[in-house]
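So the sequences go chain by chain: A and B. Residues in the first sequence are numbered from 87 upward in steps of one, following the working numbering. Residues in the second sequence are numbered from 212 upward in steps of one, following the working numbering. Structure first, then comments.
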Amino acid sequence: METMMAIVIGILFSIGVYLLLCQSLLRIILGISIISHATNLLIITMGGLKTGGPPLISDGFFSYTDPLPQALILTAIVINFALTAFLLVLAYRSYAVLGTENMEQLRGNDDE
Amino acid sequence: MMNNFVVLPLVIPLLSGLLMALLRKNVRVQRWLSILSVLLTFTVSYHLLQTVKAEGIQILEIGGWTAPFGIVLVVDLISALLLMTTSVVSFACIIYAFKSIGAEREKFYFYSLIQFLLTGINGSFITGDLFNLYVCFEVMLLASYVLLSLGGGRVQLREGIKYIVINTLSSTFFLLGIAYLYAVVGTLNLAHLSVRVAEAGQTGLMTTIAVLFLIVFGIKAALFLFFWLPGAYSAPPAAISAIFAALLTKVGIYTIFRLYTLVFYHQPHITHTLIAVMAGLTMLLGGIGAIGQWDIRKILGYNVIIGVGFVISGLAVFTSAAVAGAIYYVIHDMVTKALLFLLGGTMISIVGTGKLKEISGLIRNHPSLGWMFFITTLALAGVPPLSGFIGKVLIIKEGLSKGVFQAGFYWLAGIGLLSSLMILYSLMKIFINGFWGETQLSKEMEKGTTQGLLFPCVFLTAVCVFLGLGAELLYPYIESASQSLIDPHSYIQAVLSEVV
């Protein structure tokens with residue numbers, strides 16, 4: 087299962103990096119989004135993948151799921167959600183003001 | 212020592228920020244609240260500093276969950292010192308903002324955002340948990356994203372997007388590092404991490420994770436990976452860029468200090484050598500950048516980078532005195548960088564442009580501004596009675612005495628000295644071009660006034676002079692702070708006293 091997850095995470099990361107390297111701002115934002123999802127998957131994989139165990143240590147159960155990675159991911163997702171929302175609004179705003187979403191044309195010049 | 216005061220530097224700005232968001236229309240109340248909040252934070256941090264000095268490290272286990280199971284907040288001397296400096300610097304920047312930031316921004320949550328920024332910064336200084344550190348970083352960064360793009364000018368939007376994309380990516384790598392670390396040692400509490408890493412030995416895997424963290428905080432602190440900084444810090448208005456320059460990179464520096472003295476200190480020939488190389492390159496490249504620019508804001512931005520390189524070289528030398536020098540230099544750098552950005556911002560607001568070639572002869576109508584700029588230049592270059600001197604002497608002296616055993620440290624100390632010269636040259640360039648020469652603007656032709664802008668500058672100059680002349684008062688605190696960094700035992704003892 088862990089190997090499977092590792093491959094999936096690897097694929098997600100490569101897609102994310104490809105999108106990040108595009109010139110279009112929208113694709114960059116999507117790339118960031120995909121990379122952070124891949125990171126979330128990585129956290130849960132790193133905590134150990136188990137099925138059926140409750141997140142509590144007690145005498146009756148032998149399998150035990152670590153609740154901490156899930157708590158971490160929950161926080162990370164919330165933060166990432168806020169960030170993506172803000173970035174999308176900013177991208178829209180900058181398209182309206184600057185008239186382009188091509189990163190090549192956002193280099194700036196000395197006349198400002 | 213459990214102490215409920217520990218949480219206050221986090222709670223005061225958070226609550227006042229929320230309160231201000233409710234009072235959006237009432238700018239006057241917001242101003243008073245900002246000042247009140249910063250002064251309260253200062254008082255609390257001063258109290259904490261004295262308590263820590265007298266009774267040892269103070270902690271607070273949030274919700275009563277004992278470490279390492281719950282989140283702890285820890286205040287040791289370096290945290291308390293940085294908390295105090297943060298309040299001093301933000302006090303000056305907020306007062307500067309009263310006259311310069313404009314009604315538009317004031318009505319759109321400017322003061323709340325500053326408070327949220329301070330929440331994140333203070334939180335990063337006091338947290339004792341790696342994931343909590345990530346959250347505090349994000350709080351700080353989100354506030355800084357909004358502050359950077361608030362107002363929506365062309366340059367601000369353009370630079371804001373780059374800044375956000377780079378910082379988001381580095382935050383993602385931060386999470387990756389946390390995930391790897393959790394998989395290897397199974398804890399995220401900093402003190403517990405230190406214990407576990409010491410028990411298991413810092414294997415190759417751990418060192419790889421350490422280097423990953425170095426990349427993350429290298430981006431945040433502008434250590435070698437600083438390509439985003441000059442553009443981003445020159446975009447927003449002076450009050451905002453001053454607070455960024457003084458505080459944001461310093462949080463990254465603090466984290467590098469914390470992690471590489473508390474957790475990853477077992478393989479210094481790999482990690483600390485890498486840190487030394489990065490610090491040297493940062494000083495050199497930052498210096499070259501500062502010399503080559505002709506825009507005030509860009510020159511100041513590159514000066515921030517040189518400062519970062521110099522502080523981190525204190526960590527790279529890694530002796531008690533060098534770390535003390537680095538702590539002293541961080542405090543000095545926070546104050547003087549804020550002052551420098553405020554003075555530069557004032558110059559730009561008078562002339563209406565940041566291009567040095569179009570400015571000259573400001574000293575005739577603005578003598579006090581010129582003199583303060585001159586004092587700041589001397590302080591940053593490290594001229595004796597002023598604040599930059601002691602930090603530089605300690606770091607370079609220790610670097611030279613360590614160079615006897617490892618020749619590389621001669622290089623580091625040499626680059627450190629050269630960087631002082633580069634700072635002096637780049638700032639003198641501003642001084643000579645901007646203040647000397649023929650006065651082109653009469654009082655009536657100026658684009659802005661200095662009215663109300665000079666008080667925060669005078670205040671910070673006074674702090675800067677005090678840091679130099681009153682070093683004797685401050686040094687006992689800094690010395691014990693550096694000792695507790697070099698020997699992580701007291702930190703671990705304070706946090707895990709009930710477990711270990």
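Just so it is clear, CB atoms sit at the ideal spot from N, CA and C, and this is done for glycine as well.
Taking Cβ positions only, does residue i come closer than 8 Å to chain A?
i         : result
Gly371(B) : yes
Tyr356(B) : yes
Thr466(B) : no
Ile375(B) : yes
Arg714(B) : Residue coverage of chain B in this structure runs from 212 to 711, which leaves residue 714(B) outside it and unanswerable.
Val408(B) : no
Thr330(B) : no
Leu573(B) : no
Val346(B) : yes
Leu353(B) : yes
Thr383(B) : yes
Glu609(B) : no
Can you pull the chain B residues whose beta carbon is under 9 Å from the beta carbon of residue i, in chain order?
i         : result
Gly133(A) : Ala390, Tyr393, Ala394
Thr151(A) : In chain order: nothing, as chain B lies at least about 14 Å away.
Gly96(A)  : Result: empty, since nearest Cβ-Cβ is about 13 Å, beyond 9 Å.
Ala92(A)  : Chain B residues near Ala92(A): none, gap ~12 Å exceeds 9 Å.
Ile101(A) : The contacting residues do not exist; Ile101(A) stays about 14 Å from chain B at best.
Leu105(A) : None at all; the shortest Cβ gap to chain B is about 12 Å.
Measuring only between beta-carbons, confirm whether residue i sits less than 8 Å from chain B.
i         : result
Ile118(A) : yes
Leu111(A) : yes
Asn144(A) : One point to set straight first is that residue 144(A) is Ser, not Asn, in the sequence displayed. For Ser144(A), the answer is no, since every Cβ of chain B falls outside 8 Å of its Cβ.
Thr125(A) : yes
Ser180(A) : yes
Pro141(A) : no
Phe172(A) : yes
Ser122(A) : yes
What does the alpha-carbon distance come out to for the pair residue i and residue j?
i         : j         : result
Ile337(B) : Val300(B) : 18 Å
Gly167(B) : Val541(B) : Residue 167(B) falls outside the range modelled here, since chain B spans only 212 to 711, and no answer is possible.
Phe319(B) : Ser598(B) : 37 Å
Glu190(A) : Ser180(A) : 14 Å
Gly275(B) : Met213(B) : 10 Å
Ala533(B) : Gly525(B) : 5 Å
Ser571(B) : Gly645(B) : 4 Å
Leu434(B) : Tyr374(B) : 15 Å
Leu288(B) : Ala314(B) : 39 Å
Val396(B) : Gly593(B) : 43 Å
Ser256(B) : Leu219(B) : 9 Å
Phe385(B) : Phe253(B) : 30 Å
Ala634(B) : Ile464(B) : Here residue 634(B) turns out to be Ile, not Ala, going by the sequence shown. When rounded, the distance between both Cα atoms is 20 Å.
Leu589(B) : Ala682(B) : 17 Å
Lys640(B) : Lys568(B) : 10 Å
Thr587(B) : Leu380(B) : 35 Å
Leu678(B) : Thr277(B) : 38 Å
Ile143(A) : Ala443(B) : 49 Å
Trp647(B) : Val522(B) : 32 Å
Is the beta carbon of residue i within less than 7 Å of some heavy atom of the ligand SAM?
i         : result
Phe385(B) : The ligand SAM is absent from the structure shown, which contains no ligand whatsoever.
Can you pull the chain B residues whose beta carbon is under 7 Å from the beta carbon of residue i, in chain order?
i         : result
Ala162(A) : Leu386
Closer than 7 Å by beta-carbon distance: list the chain A residues that pair up with residue i, in chain order.
i         : result
Gly363(B) : Arg179, Val183
Thr379(B) : Ile118, Leu169
Glu349(B) : Ile165
Ser360(B) : Leu176
At a CB-CB cut-off below 8 Å, which residues of chain A make contact with residue i?
i         : result
Phe342(B) : Leu158, Thr161
Task: contact_flag[the segment 124-133 of chain A, the segment 347-367 of chain B] where n(CB pairs < 8 Å) is 3 or more - done: With a cut-off of 8 Å on Cβ pairs, the segment 124-133 of chain A is not in contact with the segment 347-367 of chain B, counting fewer than three such pairs.
Open item on the list: Would the segment 514-532 of chain B count as touching the segment 486-504 of chain B if we require 3 or more Cβ pairs under 8 Å?
Closed with: Taking 8 Å as the limit for Cβ pairs, the verdict is that the segment 486-504 of chain B does touch the segment 514-532 of chain B.
Task: Three-pair Cβ contact test at 8 Å for the segment 621-631 of chain B versus the segment 493-512 of chain B - done: Yes, the segment 621-631 of chain B is in contact with the segment 493-512 of chain B.
- [ ] Quick one: which unbroken alpha helix (DSSP H) runs of 4-plus residues sit fully inside the segment 527-570 of chain B? Chain order, please.
- [x] Positions of the alpha helix (DSSP H) runs, each at least 4 residues long and wholly inside the segment 527-570 of chain B, are given as 531-562 in order along the chain.
Task: Sufficient close CB pairs (3 or more, under 8 Å) joining the segment 152-172 of chain A to the segment 386-397 of chain B - done: Under the three-pair Cβ rule at 8 Å, the segment 152-172 of chain A counts as touching the segment 386-397 of chain B.
Task: Complete alpha helix (DSSP H) runs within the segment 361-440 of chain B (minimum length 4 residues, chain order) - done: Segments of the alpha helix (DSSP H) lying fully in the segment 361-440 of chain B: 365-396, 401-411, 415-432.
Open item on the list: Please give the ranges of any beta strand (DSSP E) in the segment 440-505 of chain B, keeping only runs that are unbroken, at least 3 residues long and fully inside the region.
Closed with: Complete beta strand (DSSP E) runs here, min 3: none at all.
- [ ] Could you tell me which uninterrupted alpha helix (DSSP H) segments, each at least 4 residues in length, are contained entirely in the segment 299-346 of chain B, listed from first to last along the chain?
- [x] Unbroken alpha helix (DSSP H) stretches of 4 residues or longer found wholly inside the segment 299-346 of chain B: 314-318, 321-337, given in chain order.
TODO: Say whether the segment 495-513 of chain B touches the segment 469-476 of chain B, bearing in mind that this needs 3 or more beta-carbon pairs closer than 8 Å, one atom from each stretch.
DONE: Three or more Cβ pairs closer than 8 Å define a contact, and the segment 495-513 of chain B falls short of that threshold against the segment 469-476 of chain B.
TODO: Quick one: which unbroken alpha helix (DSSP H) runs of 4-plus residues sit fully inside the segment 101-173 of chain A? Chain order, please.
DONE: With a minimum length of 4 residues, the unbroken runs of alpha helix (DSSP H) contained wholly in the segment 101-173 of chain A fall at 111-132.
TODO: Say whether the segment 228-248 of chain B touches the segment 260-269 of chain B, bearing in mind that this needs 3 or more beta-carbon pairs closer than 8 Å, one atom from each stretch.
DONE: Judged by Cβ distances under 8 Å, the segment 228-248 of chain B makes no contact with the segment 260-269 of chain B, as fewer than three pairs qualify.
TODO: Report the residue ranges of all alpha helix (DSSP H) runs contained in full by the segment 566-611 of chain B; include only those spanning at least 4 residues, in chain order.
DONE: Listed in chain order, the complete alpha helix (DSSP H) runs (minimum 4 residues) inside the segment 566-611 of chain B are 578-592.
TODO: Evaluate the contact criterion for the segment 301-312 of chain B versus the segment 658-673 of chain B: three or more CB pairs, one atom per stretch, below 8 Å.
DONE: Below 8 Å, enough C-beta pairs join the segment 301-312 of chain B and the segment 658-673 of chain B to call them touching: three or more.
Task: Inter-stretch contact at 8 Å, needing at least 3 Cβ pairs: the segment 411-418 of chain B / the segment 333-347 of chain B - done: By the criterion of at least three beta-carbon pairs nearer than 8 Å, the segment 411-418 of chain B is not in contact with the segment 333-347 of chain B.
Open item on the list: Check whether the segment 536-553 of chain B and the segment 453-464 of chain B are in contact - that is, three or more C-beta pairs closer than 8 Å.
Closed with: Under the 8 Å Cβ criterion, the segment 536-553 of chain B counts as touching the segment 453-464 of chain B, having at least three qualifying pairs.
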